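Residues 1 to 132 (full-length UniProt numbering) make up the sequence shown, in order.
Structure, as structure tokens:
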Amino acid sequence: MPTWPEGLRDELPLPFVLWRVLHHIDGVRTAAEVAALARVNAPDVGAAVAQADAWVRRAAQRTQPVTDEVLDAVTACVIAAVGPMGEFMVDDVLDELGDSPALSALLSALARQLGEAQVPVFVRHLRARDLA
């Protein structure tokens, strides 16, 4: 019996392909019933729930204060995009944002500092580390 991921709320933006499945999950229907209503295969129901859970975790992570571990990962992503100067960019942005910035604020501020060609590299590295 599939259920919504814990913490998932209607206001969280998810791709339509996920909402199409999640819309039919009510805690009573089986995966096969949900699949039939959503017009997908039964294994796709589990995959949609798993993907939605990942979205929930990332959304929660973006609102959390930045930890040292996350800061190290973000710094590595900036360095991958711009080179060694990335470390100084992160320090400057942290000075602007003050104590305990949220991850979303840090990432947005850093993205504004990057050039047009650097942003996709930065985002690709963030996604590889499950930060975006």
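C-beta atoms are modelled at their ideal positions from N, C-alpha and C, and glycine is treated no differently.
This one's a predicted model, so the numbers in the text were calculated from it and none came from an experiment.
According to DSSP, is Pro84 helix, strand or coil? coil
Leu12 and Ala59 closer than 7 Å at C-beta: yes
Residue closest to Cys77, alpha-carbon to alpha-carbon, out of Ala36, Gln51, Leu106 and Leu97: Leu106
Contained beta strand (DSSP E) runs [length at least 3] in the segment 10-69, N- to C-terminal order: none
In chain order, what residues of the same chain have a beta carbon less than 7 Å from the beta carbon of Gln51, not counting five sequence neighbours either side? Leu18
Measuring straight from C-alpha to C-alpha, what distance separates Ala31 and Val93? 46 Å
Would a C-beta distance cut-off of 7 Å place Pro5 and Asp44 closer than the cut-off? no
Taking Pro65 and Val34 to be in contact with their CB atoms under 8 Å, please state how far apart those CB atoms are, rounded to whole angstroms. Not a contact, Cβ separation roughly 37 Å.
DSSP three-state call for Ala128: helix, strand or coil? helix
For Ala76, which three-state DSSP category applies? helix
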